[in-house]
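Report on the structure given below.
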Amino acid sequence: IEDFAESFSYFVGLDDEDFPDNGDDYMMDAKILFFEQFPELVAMRESIRENAAANGIEFQFSEDSNYFD
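Our numbering numbers the first residue of the sequence shown as 24 and each following residue consecutively.
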C-alpha cells in the first residue's frame, strides 16, 4: 500500500477478519492501523460501512492487491 488514499480504502473496506491485529508484521498493516488513533476516522469508517451495507455495496479489492500476498 503506497499512498494515503489506498491505505484509507483498506482501513474502510477490510472486514474484521481481514483487519490487521497489529502493525508489527507488515508496513501495510501499520499504515492501515495508523487511522485507528483518530476517533473521527474510526467513526467515519463505521458510518461508511453501515451505509454501504444498507445499500448493498460490498468492498472488494483486486486480486492484484499486494495486501493479501
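No residue lacks a Cβ here, since even glycine has one placed at the ideal position from N, Cα and C.
Classified as buried, S30 has 16 or more neighbouring CB atoms from the shown chains inside 10 Å of its CB. Within the same chain, no Cβ atom closer than 6 Å to the Cβ of D44 is found once the five residues on either side in sequence are excluded. In the three-state reduction of the DSSP assignment, N45 falls in the coil class. With a threshold of 16 other beta carbon atoms within 10 Å, F27 falls short and is exposed.
By the beta-carbon neighbour count (other beta carbons within 10 angstroms, threshold 16), F61 is exposed.
With contacts defined as CB atoms closer than 8 Å, V65 and E73 fail to qualify as a contacting pair.
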